[in-house]
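Peer 1: 69 is the number of the first residue of the sequence shown in our numbering; add one for each residue after it. Got a structure here, written out as structure tokens. Questions coming.
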Amino acid sequence: MYWNKRIAILVSALVIAAVGTGILAFLRRPSLESLSGLSGPAEISVVATEGKSDWTDYATGSDTRLAIFLTDDDSSWLGLTEGLKTIGVPFRITRDIETAVRHNVVMVYPAISGQLLDADSLGILEQHVEMGGTLIATQVLGGGLQGVFGFDQIEQSRSHSEIRFTGSDPTLSFIDQPEEQTVRIGNPEDETQRIGAQSFLGASTVLASYEDGSAALVTKTSDQGGHAYALGFDLGFFILKATNGRTGGASRNYGNAYEPSVDTWLRWIKSVYVQDEPHAITLHTVPEARDLAVVISFDVDYTHSMSNLEAYTNLLMEKGLLGTFFVQTKYFDDYNDKAFFNDRTLPILSRVAASGMEIGSHTVAHPSAFSDIPLGDGEERFPDYQPRVLNRARVWSATILGELRVSKFLLEHFMETDVVSFRPGYLATPKRLPEALEASGYKYASTATSGHVLTHLPFRMNFSRGYADTTGIFQFPIAIEDEIPPHMNLRLDSAIELAEQLSDYGGSFVMLIHPNVTGEKFEFLNAIIPVLEPHSWFGTLQQYGDWWTMRDGVSVDTSSTEAGVVVTVNGETPIYGLRLDLDPAWRPQTPLPAGMTFSSGALYIGEAGTEVSVDFLISSEPT
């Protein structure tokens, strides 16, 4: 009896102590007083209905552009056009054969066959090459033009996953990296994740081959110097699959490595265009004519990360740089973590924003199951929106629109800045995220690694990550992230090598860093920034996105004069920080307007209105 009594007293004391400790911990917790009485957003987010992009939106422009002769408008032409806009090749789409062959360089898409083209059109294409023009075609399925491209017949299959460039054609001179020499078009381990392709049998000149040695890209030169190129798969469809994350594991690397399987094809088309169009002008891909676009971004999704934010902010400020902080607005406790968007952290975040850093959204709940949650009704508001992560696979009461709307509302309210950039936790990308972002007032997303989408260049996201319609949201793939082993400071050399590879063609170098620790990540940033600075542009995702949006609205055309050409550049918004690449033999005939400079092979528009016109003299000697 005595011992039972003592045990009971001891247990009671422990219970009281535990309760007391719990109460004390609760009382010491940062309060949510700043959030008290707050409600919003008031407006309703209306998600647009999916439409279908219209190829006639691209039907204008001068004959010096690349012509896309569209043989089937119910095709994946959207992927091709978005890719050409990204790489900076001016183009024009037409369904009129006579219009097409007024251009020196004509690309027939999606296919050449007797079912899609009549005999007259086929004859005009053949004559175009015979007279010295250039013809690029995907999927030459029939029509009797085999001789124009230099092969005998085709063999169709869905067995190919890789293409290796082996030819010595001048248009392939830029290919000098192993990842460029062999590119992926499907998953080698999964036959169901491959696209239809054609092998060219009896080809006279092979520029690239499939893994079994059969011809994938062939060419033939006419007696008059015309060039014909035939590619054995639907490039537009492949680009759409890749950029929408639907290649089914085709990538060789998820992240932190070079994966240019889309970029290499776009660079090749650009190479053909520049070679065979005498008045070719292309748009550079990096602001301020630099070689590499660098965005340093942070995913703030952990209690202990908050205490490191000012340290990372100070590091960037010491180097004269700005970064993007994607912040989770976690105002509740759940399976993932305790609430850390509270009265203690709000002043920290405000100081980060006041320093000039961009604040972006990193959701409310940060669920790993973000891809599986419902869209929502667009009326989700704080404080009624109360999602909870239950475990790694389940989340309660969360919607896509709720995560977007409420996080944006809270960040804008407290940071007193527009929030236009978004990154989800775990890089989970729901099918309907693009249109949900647009409905919620975002402009830019960084939701996928370059390895996942097979490109190191920005691109426009499609409605429902599909094939028919575009949104106004631009995607900026992640080149470097911090969670794949080893620690960042142990893979500095490989990161620098990747940056050098991307600098060859103006790629983007978006870094994703979780500020949960400082040491090894500080060491990485302190080491890599000085290496990149001499040739790179640095900025926030919003700054990069604003520039890319401006560039996306730019068109360039040329017209001949007695002494040379007139270059006309039009923008939907004022043009700034944009380099145009042109023939080194050209030089301006008159002094350039203020805000513009010229060097051999390049016209730089530092600042201008929405229309620029420059007269060039074509010199016999490069300047």
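Glycine included, each C-beta is placed from N, C-alpha and C at the ideal position.
Does the Cβ of Thr-431 have 16 or more other Cβ atoms within 10 Å, making it buried, or fewer, making it exposed?
Peer 2: In the sequence shown, counting from the first residue as 1, residue 431 sits at position 363. With 16 or more Cβ atoms within 10 Å of its Cβ, Thr-431 is classed as buried.
Peer 1: Which full runs of the beta strand (DSSP E) of 3+ residues lie inside the stretch 391-475, going along the chain?
Peer 2: List check, beta strand (DSSP E) in window: 392-395, 426-429, 456-459 and 462-464.
Peer 1: Answer with buried or exposed for Met-199, where buried requires no fewer than 16 other C-beta atoms within 10 angstroms of its C-beta.
Peer 2: Looking up residue 199 in the sequence shown gives position 131. Exposed, because fewer than 16 other Cβ atoms sit within 10 Å of the Cβ of Met-199.
Peer 1: For the candidate residues Ala-110, Leu-384, Gly-428 and Pro-602, whose alpha-carbon lies nearest to that of Phe-592?
Peer 2: For the purposes of this step, residue 592 is taken as the residue at position 524 of the sequence shown. Residue Leu-384 is the option with its Cα nearest to Phe-592.
Peer 1: State buried or exposed for Gln-214, treating a residue as buried only when at least 16 other CB atoms are found within 10 Å of its CB.
Peer 2: Translated into the one-based positions of the sequence shown, residue 214 becomes position 146. Buried is the call here.
Peer 1: Leaving out five residues before and five after Thr-538 in sequence, what residues of the same chain have Cβ atoms less than 6 angstroms from its Cβ?
Peer 2: Sequence index remark: in the sequence shown, residue 538 carries index 470 (1-based). Hits under 6 angstroms: Ser-121, Arg-528 and Asn-530.
Peer 1: Are the Cβ atoms of Tyr-326 and Gln-569 separated by less than 7 angstroms?
Peer 2: Residue mapping note: residue 326 aligns to position 258 of the sequence shown, counting from 1. Residue mapping note: residue 569 aligns to position 501 of the sequence shown, counting from 1. Cβ atoms of Tyr-326 and Gln-569: closer than 7 angstroms.
Peer 1: Taking the alpha carbon of Phe-544 as the reference point, which residue from Tyr-403, Thr-392 and Thr-658 has its own alpha carbon closest?
Peer 2: In the sequence shown, residue 544 corresponds to position 476, counting from 1. If we check each option's Cα against that of Phe-544, Thr-392 comes out closest.
Peer 1: For Ile-180 versus Tyr-126, is the C-beta distance shorter than 7 angstroms?
Peer 2: Position 112 of the sequence shown, counted from the first residue, corresponds to residue 180. Position 58 of the sequence shown, counted from the first residue, corresponds to residue 126. For Ile-180 and Tyr-126, no; Cβs fall outside 7 angstroms.
Peer 1: Is Lys-120 helix, strand or coil when you go by DSSP?
Peer 2: As a working note, residue 120 is residue 52 in the sequence shown. Here Lys-120 sits in coil by DSSP.
Peer 1: Return the bridge partner residues of Lys-288 from the DSSP annotation.
Peer 2: On the sequence shown, residue 288 is found 220 positions in, with the first residue counted as 1. Lys-288 is bridged to Ala-296.
Peer 1: Which residue's Cα is closest to the Cα of Thr-132: Ser-144, Gly-151, Thr-149 and Val-174?
Peer 2: Residue 132 sits at position 64 when you count from the first residue of the sequence shown. For Thr-132, the nearest C-alpha among the options comes from Val-174.
Peer 1: When burial is assigned at 16 or more other CB atoms within 10 Å of the CB, is Lys-406 buried or exposed?
Peer 2: Residue 406 sits at position 338 when you count from the first residue of the sequence shown. Exposed, since its Cβ has fewer than 16 Cβ neighbours within 10 Å.
Peer 1: Rounded to whole angstroms, how far is the Cβ of Arg-533 from the Cβ of Gly-313, which I believe are closer than 8 angstroms?
Peer 2: Within the sequence shown, numbered from 1, the residue matching residue 533 stands at position 465. Within the sequence shown, numbered from 1, the residue matching residue 313 stands at position 245. Yes, Arg-533 and Gly-313 are in contact; Cβ-Cβ is about 7 angstroms, under 8 angstroms.
Peer 1: If you drop the 5 nearest sequence neighbours on each side, which residues of the same chain put their C-beta closer than 6 angstroms to that of Leu-671?
Peer 2: Start at 1 with the first residue of the sequence shown, and residue 671 comes out as number 603. Same-chain partners within the cutoff: Leu-648.
Peer 1: Taking buried to mean at least 16 other C-beta atoms within 10 Å of its own C-beta, is Ala-382 buried or exposed?
Peer 2: Here residue 382 corresponds to residue number 314 of the sequence shown, with the count starting at 1. The sequence shown places Asn at residue 382, not Ala. Asn-382 is exposed by the Cβ-count criterion.
Peer 1: From the DSSP secondary-structure annotation, give me the bridge partner or partners of Arg-647.
Peer 2: For the purposes of this step, residue 647 is taken as residue 579 along the sequence shown, with counting starting at 1. Arg-647 is bridged to Tyr-672.
Peer 1: Could you tell me which of Asp-140, Gln-195 and Ile-222 sits nearest to Val-703, measuring between CA atoms?
Peer 2: What is shown of the chain runs 69 to 691, which leaves residue 703 out entirely.
Peer 1: Grouping DSSP H, G and I as helix and E and B as strand, with all else coil, what is Asp-367?
Peer 2: Residue mapping note: residue 367 aligns to position 299 of the sequence shown, counting from 1. Strand at Asp-367.
Peer 1: Just how far apart, CA to CA, sit Asp-620 and Tyr-535?
Peer 2: Within the sequence shown, the letter at position 552 stands for residue 620. Within the sequence shown, the letter at position 467 stands for residue 535. Going from the Cα of Asp-620 to the Cα of Tyr-535 covers about 19 angstroms.
Peer 1: Is the beta carbon of Val-637 closer than 7 angstroms to that of Val-680?
Peer 2: Taking the first residue of the sequence shown as position 1, residue 680 is located at position 612. Taking the first residue of the sequence shown as position 1, residue 637 is located at position 569. Taking 7 angstroms as the Cβ cut-off, Val-680 and Val-637 qualify as a contacting pair.
Peer 1: Note down the Cα distance separating Ser-225 from Gln-266, rounded to an integer number of angstroms.
Peer 2: Residue numbering aside, residue 225 sits at position 157 when the sequence shown is read from its first letter. Residue numbering aside, residue 266 sits at position 198 when the sequence shown is read from its first letter. One C-alpha to the other measures close to 6 angstroms.
Peer 1: For the putative contact between Ile-204 and Val-340, defined by C-beta atoms under 8 angstroms, what is the C-beta separation to the nearest angstrom?
Peer 2: The count along the sequence shown starts at 1 and reaches residue 204 at position 136. The count along the sequence shown starts at 1 and reaches residue 340 at position 272. Rounded, the Cβ-Cβ distance is 6 angstroms, consistent with contact.
Peer 1: Who does Gln-266 pair with in a DSSP beta bridge?
Peer 2: The count along the sequence shown starts at 1 and reaches residue 266 at position 198. Partner(s): Gln-224.
Peer 1: Is any heavy atom of the ligand FAD found at a distance shorter than 6 angstroms from the C-beta of Ser-319?
Peer 2: Among the ligands in the structure shown, none appear at all, so the ligand FAD cannot be discussed.
Peer 1: Out of Ser-272, Gln-292, Pro-256 and Gly-493, state which residue places its alpha-carbon closest to the alpha-carbon of Tyr-278.
Peer 2: Position 210 of the sequence shown, counted from the start, is the residue given in the question as residue 278. When only C-alpha atoms are compared, the closest one is Pro-256.
Peer 1: Spell out whether any CB of chain C is found under 7 angstroms from the CB atom of Pro-545.
Peer 2: Checking the listed chains, one finds no chain C in this structure; it contains a single protein chain.
Peer 1: Per DSSP, what are the beta-bridge partners of Asp-625 in this structure?
Peer 2: For the purposes of this step, residue 625 is taken as the residue at position 557 of the sequence shown. Per DSSP, Thr-636.
Peer 1: Hey, out of Lys-398, Pro-492 and Thr-413, whose CA is closest to Phe-450's CA?
Peer 2: Mapped onto the sequence shown, residue 450 falls at position 382. Of the candidates Lys-398, Pro-492 and Thr-413, the one whose C-alpha sits nearest the C-alpha of Phe-450 is Lys-398.
Peer 1: Going by beta carbon distance, what residues of the same chain come within less than 7 angstroms of Arg-96, once the five residues before and after it are set aside?
Peer 2: Residue 96 sits at position 28 when you count from the first residue of the sequence shown. Legend: pLDDT at Arg-96 = 42, less than 50; position of this residue unreliable, value from coordinates given subsequently. Nothing listed; no residue qualifies.
Peer 1: So, for Phe-394: in the same chain, excluding its five sequence neighbours on each side, which residues have a beta-carbon less than 6 angstroms away from its beta-carbon?
Peer 2: As a working note, residue 394 is residue 326 in the sequence shown. Asp-367, Gly-428, His-430 and Arg-491, listed in sequence order.
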